[in-house]
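S.K.: Going by the UniProt record's numbering, the final residue of the sequence shown carries number 452, and the count climbs one at a time with no gaps.
Structure provided below as structure tokens; questions to follow.
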Amino acid sequence: NVYSFFHRTEMSRAWVKKAMDIMPGGVTANIKSFPPYPIVMKSGHGAYLEDVDGNEYIDYLLAYGALLVGHNHPKIKESIVRQMEEDGTNLFGTPHEREYRLGKRIQSYYPSMEMVRYTNSGTEGTLLAIRLASSYTGKQKIAKFEGHYHGGYDQVLFSIHPDDQNAGPAHAPKPVAESKGIDPNYEKNIVILPFNDLKGTEAILKAHKDELSAVIIEPMQGGFIPATRSFIHGLRKITERYGIILIFDEVKTGFRIGIGGAQSFYNIQPDLTVLGKVIGGGFPIGIVGGRKDILMECSPSRSANLLGGGTNVLFHSGTYNGHPTILAVAEAVLDILEEDGKAVLKRTEQLKKELEDLFRKRGIPMNALGEGTIFSIVLSEKIVKNDRELQTTNLSLRKKIDYLLLNEGIYTKPMNRYSLSVAHGEREIERTLEAYQNVLYKKL
Ligand code: PMP
């Protein structure tokens with residue numbers, strides 16, 4: 009089996025070796041790498057990827073969930089061409105109509121977003137949300153949950169997959185930096201909370217309530233471990249009581265847990281929301297929105313200097329913010345989801361159920377854990393509630409299955425989630441189940 013991976017991906021191996029000359033590890037993002045070497049892709053169409061060796065895969069990585077509209081959707085292509093013809097520019101660097109139009113459409117699905125700002129990634133989005141909360145409350149500390157990812161910068165790059173030794177007890181986790189080179193001073197301003205443990209969370213928030221500006225949360229950890237309803241409603245109440253801003257990081261869950269994201273699923277109004285991924289249809293975007301009184305922190309009418317900054321206003325800028333081509337794509341993404349979004353939800357349910365049946369028949373305990381159009385294969389009897397519980401599941405078997413599936417033409421980065429797109433139809437589901445059948449019965 010190992011041999012067959014090497015044999016099928018010879019060109020990938022050669023390419024990565026060559027790329028190591030100019031890029032550390034041969035990659036442009038650490039996450040793109042996995043042992044023995046990442047598979048190098050050449051093209052994507054609909055639900056499919058083709059690698060440099062000419063192997064075809066059904067793509068379930070979908071660029072870490074970003075491609076709910078699949079690869080190369082005709083309406084996305086058309087929106088790009090039409091925008092360039094209509095507007096005659098790639099970029100204005102000024103306000104323009106699409107910024108308003110898309111904002112209003114987003115608001116119709118996310119009514120908690122009374123006002124919006126556009127950024128160029130999810131990372132930039134959470135960065136702005138956190139600064140908004142600090143600016144509004146006049147406080148510096150932020151609280152995040154163990155196991156939750158909000159972007160790769162110093163303020164929040166703590167306790168995503170903390171090693172047990174330094175991570176403290178489950179009900180009161182300690183911050184563990186996830187990178188070399190982080191200024192240790194950031195550790196003083198981060199508070200780590202236990203996900204899906206309301207008692208533990210409440211005790212920590214109470215102890216820090218006078219210093220905390222915000223709690224930031226992935227309502228579904230990693231996009232697939234749902235907050236329990238009692239937990240997330242409890243968190244909303246506690247943050248309200250203590251005057252702490254509640255930020256929903258819906259970069260992954262936005263549009264994937266149904267078009268209205270996790271906040272619609274749970275029927276909760278966060279104070280601030282960050283969207284990204286799906287709405288960009290494959291292009292870089294972030295959208296930050298929320299309560300008007302908080303968003304107004306960055307209104308330049310507040311005696312700003314020529315940069316739009318100064319001590320009375322929250323500085324937020326970016327050459328590409330509200331990029332007209334990407335906003336045109338975003339409008340096309342909404343058009344596509346309004347038409348085909350419900351079908352992807354149904355198809356995901358079908359795939360999850362059939363995979364669970366298959367594993368059950370094979371005698372391997374498995375939950376296809378997640379809501380909406382994203383889930384993960386979790387090999388355990390019980391339904392896990394957070395990262396620590398996930399670590400107790402059969403990760404080595406999961407990894408083995410993932411590698412074997414690559415040989416069968418099913419792509420997700422090993423140990424990653426499964427996302428579906430509008431291009432994943434009956435045929436793709438059938439082929440996926442056949443591949444699983446082969447792996448579970450013939451290759452394990
Ligand atoms: N928040 C969450 C929940 C994410 O999943 C991600 C990306 N994986 C980010 C923030 C960062 O987004 P980006 O990669 O667009 O900067």
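Just so it is clear, CB atoms sit at the ideal spot from N, CA and C, and this is done for glycine as well.
None of the values given here were measured: they were computed from a predicted structure.
Compute the minimum distance between the beta carbon of K260 and the heavy atoms of ligand 2, and state whether it is under 8 Å.
M.R.: Only ligand 1 can be found as ligands here, which leaves ligand 2 out of the picture.
S.K.: Measuring alpha carbon to alpha carbon, tell me which of I200, K50, G242 and R90 ends up nearest I224.
M.R.: I200
S.K.: Confirm, please, whether the CB-CB distance from L76 to F263 is below 9 Å.
M.R.: In this structure, F263 sits near L76, with a CB-CB distance shorter than 9 Å.
S.K.: Taking only beta-carbon atoms, is K285 less than 9 Å away from chain C?
M.R.: The chain inventory of the structure shown lacks chain C, comprising one protein chain alone.
S.K.: Excluding five sequence neighbours on each side, which residues of the same chain lie with their C-beta closer than 7 Å to the C-beta of K50?
M.R.: E58, D59 and V60
S.K.: Output the distance between the C-alpha atoms of G34 and A312, rounded to the nearest integer angstrom.
M.R.: For G34 and A312, the distance between alpha carbons rounds to 44 Å.
S.K.: Since I believe I138 is in contact with G155 (beta carbons under 8 Å), could you give me their beta-carbon distance rounded to a whole number of angstroms?
M.R.: Taking the Cβ atoms as the reference, G155 lies roughly 18 Å from I138, outside the contact range of under 8 Å.
S.K.: Is H158 near ligand 1, in the sense that its beta carbon is under 8 Å from a heavy atom of that ligand?
M.R.: yes
S.K.: I need the boundaries of the beta strand (DSSP E) containing G208, first residue and last residue.
M.R.: Note, G208: premise wrong, no beta strand (DSSP E); alpha helix (DSSP H) at L206 to H216.
S.K.: Just to confirm my understanding: we take I344, look at its own chain, exclude 5 residues before and 5 after, and list those with CB closer than 7 Å. What are they?
M.R.: If we look at I344 and ignore the five residues flanking it on each side, its Cβ neighbours are V77, H81, K83 and V430.
S.K.: Rounded to whole angstroms, how far is the Cβ of E64 from the Cβ of Y56, which I believe are closer than 8 Å?
M.R.: 6 Å
S.K.: Alpha helix (DSSP H) containing V337: first to last residue?
M.R.: P332 to R370
S.K.: Helix or strand or just coil, what does DSSP make of D410?
M.R.: Helix, per DSSP.
S.K.: If contacts are defined as beta-carbon pairs under 8 Å, then Y126 and N329 qualify, I think. What distance do you get, rounded to the angstrom?
M.R.: Sure, about 5 Å apart at Cβ, within 8 Å.
S.K.: Taking the alpha-carbon of N446 as reference, which of G417, R425, F232 and Q163 has the nearest alpha-carbon?
M.R.: Distances from the alpha-carbon of N446 to those of G417, R425, F232 and Q163 put G417 closest.
S.K.: How far does the alpha helix (DSSP H) with Y274 in it reach, from first residue to last?
M.R.: G269 to Y274
S.K.: Here's the rule I'm using: 16 or more other beta-carbon atoms within 10 Å means buried, otherwise exposed. How should Y45 be labelled?
M.R.: buried
S.K.: Y250: which of Y411, T381 and E210 sits nearest, CA to CA?
M.R.: E210
S.K.: Report the rounded CA-to-CA distance for F291 versus A74, giving the unit in angstroms.
M.R.: 9 Å
S.K.: Ligand 1 and residue 3: does any heavy atom of the ligand fall closer than 8 Å to the residue's C-beta?
M.R.: Lying before the first or after the last residue shown, residue 3 is absent from the chain, which here runs from 9 to 452.
S.K.: By the 10 Å Cβ neighbour count, where 16 or more other Cβ atoms means buried, how is E105 classified, buried or exposed?
M.R.: With fewer than 16 other Cβ atoms within 10 Å, it is exposed.
S.K.: Name the DSSP bridge partner or partners of Y65?
M.R.: Bridge partners of Y65: L57.
S.K.: What runs of the alpha helix (DSSP H), each 4 residues or longer, lie entirely inside the segment 221-278?
M.R.: 237-250 and 269-274
S.K.: Under the rule that 16 or more other beta-carbon atoms within 10 Å means buried, what is H79, buried or exposed?
M.R.: buried
S.K.: Would the beta-carbon of K40 fall within 9 Å of that of K408?
M.R.: no
S.K.: With a threshold of 6 Å on Cβ separation, who are the neighbours of N197 within its own chain once the five nearest residues in sequence on each side are excluded?
M.R.: Q148 and K149
S.K.: What is the C-beta distance between I88 and V286, in whole angstroms, given that I count them as a contact (C-beta under 8 Å)?
M.R.: In fact, because the Cβ distance is near 17 Å, the residues do not count as touching under 8 Å.
S.K.: Have a look at H331, G101 and I240 and flag the residue whose alpha-carbon is nearest the alpha-carbon of G111.
M.R.: H331
S.K.: Measuring CA to CA, which of V282, E434 and D218 is closest to residue 2?
M.R.: The question about residue 2 has no answer here: the residues shown for the chain are numbered 9 through 452.
S.K.: For Q115, collect the residues of the same chain with a Cβ closer than 8 Å to its Cβ; drop the 5 residues on either side in sequence, then sort them by chain order.
M.R.: Within the same chain, M121, E122, V124 and G297 come within 8 Å of Q115 by CB-CB distance, once the 5 residues on both sides are set aside.
S.K.: Does the segment 171-184 come within contact of the segment 237-251, defined as at least 3 CB pairs closer than 8 Å?
M.R.: no
S.K.: Can you name, in chain order, every residue of its own chain whose Cβ lies under 8 Å from the Cβ of Q358, other than the five neighbours on each side?
M.R.: In chain order, I437 place their CB closer than 8 Å to the CB of Q358, counting only its own chain and leaving out the 5 sequence neighbours on each side.
S.K.: Rounding to the nearest angstrom, what Cα-Cα distance links G146 and D162 in this structure?
M.R.: 20 Å
S.K.: What is the rounded straight-line gap between the Cα of V386 and the Cα of E226?
M.R.: 19 Å
S.K.: Could you check whether the Cβ of T131 sits closer than 8 Å to any heavy atom belonging to ligand 1?
M.R.: Taking the Cβ of T131 as the reference point, at least one heavy atom of ligand 1 falls within a distance shorter than 8 Å.
S.K.: At 4 residues or longer, and completely inside the segment 67-115: list those alpha helix (DSSP H) runs for me, N to C.
M.R.: 82-95
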